[in-house]
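For reference, the structure is listed below as structure tokens.
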Amino acid sequence: MDNSRVYKYSFAKIYPLYLQKAEKKGRTQDEVDTIISWLTGYDKKSLKQQIDKGSDLETFFAEAPRLNANASKITGVICGYRVEEIEDKLLQKIRYLDKLIDELAKGKAMDKILRK
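The opening residue of the sequence shown carries number 8 in the numbering used here; numbering runs sequentially from there.
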């Protein structure tokens, strides 16, 4: 499967969709930002910089300070694929984030989303 098109999606365009999905279910921007920070290591300032410069997903994850050591605990199905079985590491990171935002929108507790 050629995923290069997905890699070029602008994080700045996807971020508002994450917010919209979460806020529609009564969750907050702070919770979305906390999830993104937990997974990638970005703080609020560096996350805003990534959004402002319009980084694509490939750049966003390449420049991430660190992937959380507990990211491998993220399991389940997103877009018809089990995230733990995705072999393409970049696509797996993208789907990890999608899965975490889905869990937030479904009302899961932050401690469980952050694999505490």
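Glycine is no exception: its CB is placed at the ideal position from the N, C-alpha and C atoms.
Where residue i falls, given that 16 or more other Cβ within 10 Å makes a residue buried
i, result
"residue 51", "exposed"
"residue 73", "exposed"
"residue 69", "exposed"
"residue 24", "exposed"
"residue 29", "buried"
"residue 106", "buried"
"residue 102", "buried"
"residue 100", "buried"
Sub-8 Å separation of residue i and residue j beta-carbons
i, j, result
"residue 46", "residue 104", "yes"
"residue 85", "residue 109", "yes"
"residue 77", "residue 34", "no"
"residue 71", "residue 48", "yes"
"residue 114", "residue 32", "yes"
DSSP three-state assignment for residue i, whether helix, strand or coil
i, result
"residue 49", "coil"
"residue 12", "helix"
"residue 35", "coil"
"residue 122", "coil"
"residue 116", "coil"
Opposing strand residues paired with residue i [DSSP bridges]
i, result
"residue 17", "63"
| request: Could you pull out every unbroken alpha helix (DSSP H) segment of at least 4 residues lying fully inside the stretch 47 to 98, listed in chain order? | output: For the stretch 47 to 98, whole alpha helix (DSSP H) runs of length 4 or above, ordered along the chain, are 51 to 59, 64 to 69.
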